[in-house]
Amino acid sequence: SPQACLDQIEAYVRAGVTVPVLNLMPTVTDVKELGERNVAAMRELARPS
Numbered sequence: 006s007p008q009a010c011l012d013q014i015e016a017y018v019r020a021g022v023t024v025p026v027l028n029l030m031p032t033v034t035d036v037k038e039l040g041e042r043n044v045a046a047m048r049e050l051a052r053p054s
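Quick note on numbering: the sequence shown equals residues 6 to 54 in the numbering used here.
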């Protein structure tokens, strides 16, 4: 879930990671759909500034 991802990223930051990097794993073979899914996932995880 998006919240589980955020919780894990926060745990890494608390442990000293200063630049967390996400590796979005492909789950489909259609390039257009993959791009759309990646953008949607990053938007869902984005925090308002």
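Where a beta carbon is used, it is the ideal one built from N, C-alpha and C, also for glycine.
For residue j and residue i, the rounded distance between their alpha carbons
i     : j     : result
Thr32 : Leu39 : 7 Å
Ala51 : Cys10 : 11 Å
Val36 : Glu49 : 20 Å
Asn43 : Thr34 : 13 Å
Glu41 : Leu27 : 16 Å
Secondary structure of residue i, DSSP reduced to three states
i     : result
Arg19 : helix
Val24 : coil
Met47 : helix
Arg42 : helix
7 Å Cβ shell around residue i - same chain, five flanking residues per side excluded
i     : result
Ala46 : Leu29
Short Cβ contact (8 Å threshold) for residue i with residue j
i    : j     : result
Pro7 : Val18 : no
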